[in-house]
Structure formats: C-alpha cells, structure tokens
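Numbering (the numbering used here), first residue to last: 586 to 731.
Take a look at the structure:
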C-alpha cells in the first residue's frame with residue numbers, strides 16, 4: 586500500500602510540474618488606457634479565450650491575424666501599439682497571447698496612416714527553466730516520499 590502511495594504522489598507531482606512547464610504567461614491588456622506606460626500589466630496564462638481576445642484586436646492591422654487563433658500547444662506573447670498620423674500618443678494598444686509558433690509581427694498588414702510597432706516572443710524560452718524546476722520538484726518529491 587505504501588508503494589502505491591509513492592506512485593500516486595509521483596504521478597501527481599509530475600503532472601503538476603508538466604502543466605506548469607508547458608504554460609505560457611503573457612502580459613494581457615486591451616486598449617490604450619489599460620496598456621498605458623505607467624500601468625502594471627497583469628500576466629495571464631495563455632488560453633484559447635485570451636488568444637481570441639488578442640487576435641480579434643490584431644485583425645484591425647494584420648491581414649492573416651485569424652491564422653493565430655484557436656487551440657495550440659504553443660503560444661507566444663505579442664505587444665502592438667499604433668500612433669495615427671497627426672497624433673502624439675498611441676491610438677491603439679494591445680498585449681496578449683497568440684497561438685502557434687510564428688510571429689504575427691511578420692505578417693502582412695492592411696493599409697494604415699501612422700506608425701505601427703509590434704514585438705513578439707515565444708513562450709518556449711521559458712520551457713528550459715521550467716523543465717529544470719520540474720525535475721528539481723520531482724527529485725524533491727521522490728526524496729520526501731522515501
């Protein structure tokens with residue numbers, strides 16, 4: 586019976602660590618006021634719902650934005666700002682998650698009159714550190730269960 590408890594504890598710890606390691610968190614805000622420079626932007630775990638909220642906003646400027654919607658095992662973080670010609674402040678701002686491994690920033694844009702800035706990073710760079718943490722937690726769980 587004691588061995589079964591160890592196996593259960595190991596499997597539970599492993600699944601918890603893997604879900605942590607595979608989760609991508611990105612800053613998420615929609616709108617100039619919410620994404621303001623002096624704001625603390627909350628980080629959220631990327632889900633299809635967060636992706637869809639972000640991509641709907643991005644479709645204002647990007648022709649193929651819908652390619653970045655939906656379920657995925659891989660997410661990336663995007664930050665897009667736009668200053669319309671004749672304005673000194675941002676008139677559009679969004680930060681959030683996109684689905685897939687490609688950057689939406691390199692996609693074709695619609696015609697616009699102003700300056701569009703876009704930055705993207707893949708959440709996969711977190712996986713190495715998360716994987717190391719997961720291994721440490723698993724080893725710790727095994728040591729504690731013996």
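Note that CB positions come from ideal geometry on N, CA and C, so glycine has one too.
Treat the numbers as computed from the prediction; the structure is a model and nothing was measured.
Taking 3 residues as the shortest admissible run, the segment 624-659 contains the following complete beta strand (DSSP E) segments, listed from N- to C-terminal end: 628-630. Looking from the CA of residue 619, the closest CA among 685, 684, 664 and 690 belongs to 664. By the beta-carbon neighbour count (other beta carbons within 10 angstroms, threshold 16), residue 681 is buried. According to the DSSP assignment, residue 610 belongs to the beta strand (DSSP E) that extends over 610-612.
In this structure, residue 639 sits away from residue 660, with a CB-CB distance that is not shorter than 8 Å.
Ranked by Cα distance from residue 692, the options 669, 685 and 647 are led by 647. For residue 666, the beta-bridge partners assigned by DSSP are 678 and 702.
Of the candidates 628, 636 and 702, the residue whose Cα lies closest to the Cα of residue 674 is 702. The beta carbon of residue 705 sits closer than 6 Å to the beta carbons of 661, 663, 688 and 690 from its chain, once the five residues preceding and following it are set aside; these are given in chain order. In its chain, beyond the 5 residues on either side, 610, 611, 612 and 613 have a beta carbon closer than 8 Å to the beta carbon of residue 628.
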